[in-house]
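Trainee: Here the protein sequences line up with chains G and U, keeping their order. To convert, take the position in the first sequence, counting from 1, and add 37; that gives my numbering. To convert, take the position in the second sequence, counting from 1, and add 37; that gives my numbering.
There are 2 protein chains.
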Amino acid sequence: MATKQSADGTVGKALEVLDQVAAFGRPVRFSELLAGSPYPKATLFRFLQTLTSQGMLNLDPDNGSYALGMRLVRLAHAAWRQSSLAPIARPFLDGLSAEMGETVHLAQLDNSHVLYVDKRNAAVPIEMFSQAGKVGPAYCTGVGKVMLAFLSEDHLARLLPQMSFHRYTDKTLVSVGALRAELSDIRRNGHAFDREEHEPGIICVAAPILSAQGRVLGALSLTSSTTRTTLAALEACAARVKSTATRIAAEAESWRFPEDQKHA
Amino acid sequence: MATKQSADGTVGKALEVLDQVAAFGRPVRFSELLAGSPYPKATLFRFLQTLTSQGMLNLDPDNGSYALGMRLVRLAHAAWRQSSLAPIARPFLDGLSAEMGETVHLAQLDNSHVLYVDKRNAAVPIEMFSQAGKVGPAYCTGVGKVMLAFLSEDHLARLLPQMSFHRYTDKTLVSVGALRAELSDIRRNGHAFDREEHEPGIICVAAPILSAQGRVLGALSLTSSTTRTTLAALEACAARVKSTATRIAAEAESWRFPEDQKHA
DNA sequence: CCGAATGGTTCCATTATGTGAAACTTAGTT
DNA sequence: AACTAAGTTTCACATAATGGAACCATTCGG
Chain G
38 MATKQSADGT
48 VGKALEVLDQ
58 VAAFGRPVRF
68 SELLAGSPYP
78 KATLFRFLQT
88 LTSQGMLNLD
98 PDNGSYALGM
108 RLVRLAHAAW
118 RQSSLAPIAR
128 PFLDGLSAEM
138 GETVHLAQLD
148 NSHVLYVDKR
158 NAAVPIEMFS
168 QAGKVGPAYC
178 TGVGKVMLAF
188 LSEDHLARLL
198 PQMSFHRYTD
208 KTLVSVGALR
218 AELSDIRRNG
228 HAFDREEHEP
238 GIICVAAPIL
248 SAQGRVLGAL
258 SLTSSTTRTT
268 LAALEACAAR
278 VKSTATRIAA
288 EAESWRFPED
298 QKHA
Chain U
38 MATKQSADGT
48 VGKALEVLDQ
58 VAAFGRPVRF
68 SELLAGSPYP
78 KATLFRFLQT
88 LTSQGMLNLD
98 PDNGSYALGM
108 RLVRLAHAAW
118 RQSSLAPIAR
128 PFLDGLSAEM
138 GETVHLAQLD
148 NSHVLYVDKR
158 NAAVPIEMFS
168 QAGKVGPAYC
178 TGVGKVMLAF
188 LSEDHLARLL
198 PQMSFHRYTD
208 KTLVSVGALR
218 AELSDIRRNG
228 HAFDREEHEP
238 GIICVAAPIL
248 SAQGRVLGAL
258 SLTSSTTRTT
268 LAALEACAAR
278 VKSTATRIAA
288 EAESWRFPED
298 QKHA
């Protein structure tokens, strides 16, 4: 919501429109978009036309409503395969989830949010897209905090002001001070807990996935509920989670480049 | 591959770059992109900069390689929820797959290709993104043919020339004539078969998902292999597939608009 | 059945933006 | 130190985006 900052160039503006459409969560009429748009009719119209012709949007001819296009799905498919850890981490998630019998999340940092990239659910077998692709707050989730903890100071400093500490539960940390203290604990331990800070009854342990140079690539978490287990019990699993995270990191590292097919 | 047609405006060009990056299937260097790009250094550079700053691409600071960004995943998530049939169809897929014990695909038409939007696998429990988002040829898959069959004549006429009939197996239909004959059969029956036309040993029955006005919204298929079943046996399931498709269509229709919250 | 409002599309003069050759700055090699 | 390759910045120029206004097509109100 509110005003977007830097909208570099025409491309930026066009992409903003995509977000607008996405925000509606349903097919949307021209006029609805126009209402919430900073651009005049003609301009918005041209954006929609371009995006539609590019397959980024889809115009339903019956009722003249725009929806996000299939090209996005295609591109995201490629993104998932190439950019994220997901394809590498997949077998490890399978293993960890099977062994522990609990829900496992793989997340990456997306600005000051966490983006869930993959998931294994203990009970329900499939959750698809509807879960992967979801975003959540960084400051009150296990994966989020553990990634923040291992960021460089200046990177963290850039991110913190972007956060709007919302008190999801009475355990949520809602000040920069409290969060910073927690982060330094996490850095020391090498793993983070979510102590029902995001959803009541939901707890987890999370470990960071770090590159050889110490860059944060993502995070892994083992999630459960207070009805099923305790933080102490989860802590016992921390080593297992961490070792899995490390192995994913190693795998990612070795994969990192089909590097050096430079000359011939 | 080959030359892209209409690249409307700056936005179009920028989006093309995304495809380029996607095509590599791995993080990619500036110079690699430059090599395969019609644009001069400076221009390409600015595109990459813009796209990166927009989160559509991700520049790995370590090795200066670009990968598709997380914003795409976020947008695709939204696309999946809002535009496609997937969220509506989900429970129906679950039901059909469970009942039949076979693989079920939900697909939509993406130009002259089919895009697999969701899937239930008989054996393996999870396949995620790696399957949803995949594209395939329309003229030699069950879902593809059944969607083509129910297209308006002029729409079909526009699509046919775009297809480059590749003989995947010795059963593949590789001429417009043969395909047209098949399509008219399909229209008559209300369902299509894939008789190992795409992959040897893989067969399926597919039914179209049509809007009330007869527009093609997508298609549903039940897939198996010749080692497990026969076309005749699949034909027996056709009615079940069709009725599921119809029910999805009905659901989609009724959902089609939270319509008319016009005045207050 | 007509007139007005609403929703969507096209025109076109103005000007902001994108373009790309070339210069420059690293980092890597001999 | 001289050379090369890879990546980044500059800037005069031309293209492409902009948006006010006119235009068309429906729907609505009378």
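Cβ atoms here follow ideal geometry from the backbone N, Cα and C, with glycine treated the same way.
Just how far apart, CA to CA, sit G/E272 and G/S221?
Mentor: Roughly 18 Å separates the two Cα atoms.
Trainee: When you compare the CB positions of G/S74 and U/D45, do they come within less than 7 Å of one another, or not?
Mentor: No, the pair does not count as a contact, with Cβ atoms beyond the cut-off.
Trainee: Does any residue of chain U bring its CB to less than 7 Å from the CB of G/S90?
Mentor: So, interface residue.
Trainee: Going straight from the alpha carbon of U/C177 to that of U/P237, what length do you get?
Mentor: Each residue's alpha carbon lies about 12 Å from the other.
Trainee: Rounded to whole angstroms, what is the Cα-Cα separation between U/A135 and U/S261?
Mentor: Looking at the two C-alpha atoms, the distance is approximately 14 Å.
Trainee: Mind reading off the beta-carbon distance from U/V180 to U/S258? Whole number of angstroms is fine, and I expect it under 8 Å.
Mentor: The Cβ separation is near 5 Å, so the contact holds.
Trainee: Beta carbon of U/A104, beta carbon of U/V154: below 7 Å?
Mentor: No, these two residues do not count as a Cβ contact at 7 Å.
Trainee: Could you name the residues of chain G that U/Q199 contacts, counting a contact when the two beta carbons are closer than 8 Å?
Mentor: Correct list: empty, because the minimum Cβ distance to chain G is about 13 Å.
Trainee: Taking the CB atoms as reference points, tell me whether U/T281 and U/L152 lie closer together than 7 Å.
Mentor: No, the pair does not count as a contact, with Cβ atoms beyond the cut-off.
Trainee: Apart from the five residues just before and just after G/V65, which ones in its own chain have a Cβ nearer than 7 Å to its Cβ?
Mentor: So the list reads V58, S102 and Y103, once near-sequence residues are dropped.
Trainee: Relative to the alpha-carbon of G/D56, which residue among U/R83, U/L109, U/L81 and U/Q86 has its alpha-carbon at the smallest distance?
Mentor: Ranking U/R83, U/L109, U/L81 and U/Q86 by Cα distance to G/D56 puts U/L109 first.
Trainee: Can you round the beta-carbon distance between G/F228 and G/P174 to whole angstroms, since I take them to be within the 8 Å contact cut?
Mentor: The sequence shown places His at residue 228 of chain G, rather than the Phe named in the question. Between G/P174 and G/H228 the Cβ distance is about 19 Å, and since that is not below 8 Å, they are no contact.
Trainee: Would G/Q119 count as contacting chain U if we go by Cβ distances under 7 Å?
Mentor: Answer yes: the Cβ-Cβ gap between G/Q119 and chain U drops below 7 Å somewhere.
Trainee: In three-state terms, what does DSSP make of G/K279?
Mentor: Correct three-state label for G/K279: helix.
Trainee: How big is the Cα-Cα spacing for U/A275 and G/M200?
Mentor: Between U/A275 and G/M200, the C-alpha separation is close to 53 Å.
Trainee: Compute the beta-carbon to beta-carbon distance between G/V48 and U/T47, rounded to the nearest angstrom, for a pair I have assumed lies under 8 Å.
Mentor: Right, the Cβ-Cβ distance comes to about 6 Å (below 8 Å), so this counts as a contact.
Trainee: Looking only at C-alpha atoms, which of U/A287, U/P245 and U/S149 sits nearest to U/F187?
Mentor: Out of U/A287, U/P245 and U/S149, U/P245 has the C-alpha closest to the C-alpha of U/F187.
Trainee: Does chain U have any CB closer than 7 Å to the CB of G/D45?
Mentor: Yes, contact with chain U.
Trainee: Of the residues G/G106, G/G92 and G/L130, which one's Cα is nearest the Cα of G/R284?
Mentor: Comparing Cα-Cα distances from G/R284 to each of G/G106, G/G92 and G/L130, the minimum goes to G/L130.
Trainee: What residues are listed by DSSP as bridge partners for U/A244?
Mentor: Beta-bridge pairing links U/A244 to U/L257.
Trainee: Listed in chain order, which residues of the region 56-73 of chain G have Cβ atoms closer than 9 Å to some Cβ of chain U?
Mentor: Listed by position, the residues of the region 56-73 of chain G near chain U (Cβ gap below 9 Å) are D56, V58, A59, A60, F61, G62, R63, P64 and V65.
Trainee: Residues in the same chain with beta-carbon distance under 7 Å from G/R157, minus the five sequence neighbours each way, listed in chain order, please.
Mentor: For G/R157, where only same-chain residues beyond five positions count, the Cβ hits under 7 Å are L130, D131, S134, T140 and V141.
Trainee: Please classify U/G173: does DSSP put it in a helix, a strand, or coil?
Mentor: Of the three classes helix, strand and coil, the one that applies to U/G173 here is strand, per DSSP.
Trainee: Taking the alpha-carbon positions, what's the U/A113 to G/L85 distance?
Mentor: Between U/A113 and G/L85, the C-alpha separation is close to 17 Å.
Trainee: Residues of the region 234-259 of chain G with a CB closer than 8 Å to any CB of chain U: list them in chain order, please.
Mentor: Here the close residues are S248, Q250 and R252.
Trainee: What whole-angstrom Cβ distance do U/V14 and U/I223 have, given they're in contact under 8 Å?
Mentor: In the structure as shown, chain U starts at 38 and stops at 301, and residue 14 of chain U therefore has no counterpart that could be examined.
Trainee: Going by the DSSP bridge assignment, what does U/H142 pair with across the sheet?
Mentor: Bridge partners of U/H142: U/K156 and U/S258.
Trainee: How would you label U/R232, buried or exposed, when you count the other beta carbons within 10 angstroms and need 16 or more for buried?
Mentor: Classification of U/R232: buried, given that the 10 Å Cβ count is 16 or more.
Trainee: Helix, strand or coil: which one does DSSP assign to G/A249?
Mentor: G/A249 falls in the coil class under three-state DSSP.
Trainee: Along the chain, where does the alpha helix (DSSP H) containing U/L196 start, and where does it finish?
Mentor: Counting along the chain, the alpha helix (DSSP H) containing U/L196 begins and ends at E190 to L196.
Trainee: Which residue from U/A126, U/N95 and U/V242 puts its Cα closest to that of G/Q119?
Mentor: Closest by alpha carbon: U/N95.
Trainee: What whole-angstrom Cβ distance do U/A144 and U/A289 have, given they're in contact under 8 Å?
Mentor: With a Cβ gap of about 14 Å, U/A144 and U/A289 do not count as contacting.
Trainee: Would you call G/E219 buried or exposed, if buried means 16 or more other Cβ atoms sit within 10 Å of its Cβ?
Mentor: By the 10 Å Cβ count, G/E219 comes out buried.
Trainee: Look at the alpha carbon of U/L185 and the alpha carbon of G/M93, and state the distance between them as a whole number of angstroms.
Mentor: Near 22 Å, if we compare the C-alpha coordinates of G/M93 and U/L185.
Trainee: In this structure, what does DSSP give as the bridge partners for G/Y103?
Mentor: Answer by DSSP bridge pairing, in chain order: G/V65 and G/L96.
Trainee: Answer with buried or exposed for U/D147, where buried requires no fewer than 16 other C-beta atoms within 10 angstroms of its C-beta.
Mentor: Answer is buried; the Cβ neighbour count reaches 16.
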